[in-house]
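Presented below is the structure to which this report refers.
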Amino acid sequence: MPTSIINKELIIKKDWCKGCGICVEFCPKKVLALKNGKVEIINLDACIKCGLCELRCPDYAIFLRGEI
């Protein structure tokens, strides 16, 4: 049976973000962008909740929260 990812929420801790842009580069759906030196969600509807942004963030500033 496939796992549902619908109930996951993308969270950004802007205080922790150093603006390196790694999450932006790894996002396969271009959900994220750097604005004013911090990451922002620009296209949440496109997010497939793959977790690459969370996995690659060296500062733990972005993560998926919720139940599968």
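Under my numbering, the first residue of the sequence shown is numbered 49, with each subsequent residue one higher. Here a beta-carbon is modelled for each residue, glycine too, at the ideal position from N, C-alpha and C. Only a predicted model underlies this, so the values are computations on that prediction, with no experimental measurement involved.
1. Give me the Cα-Cα distance between residue 59 and residue 100, rounded to the nearest whole angstrom.
2. Which partner residues of residue 113 appear in the DSSP bridge assignment?
3. Report the rounded CA-to-CA distance for residue 107 versus residue 86, giving the unit in angstroms.
4. Specify the secondary structure class of residue 79 as computed by DSSP and reduced to three states.
5. Can you give the Cα-Cα distance for residue 64 and residue 109, rounded to whole angstroms?
Here's the rundown:
1. Residue 59 and residue 100 have their C-alpha atoms spaced approximately 13 Å apart.
2. Note: residue 113 sits in a beta bridge opposite 57.
3. Taking the Cα positions, residue 107 is about 12 Å away from residue 86.
4. Correct three-state label for residue 79: coil.
5. Cα-Cα distance, rounded: 5 Å.
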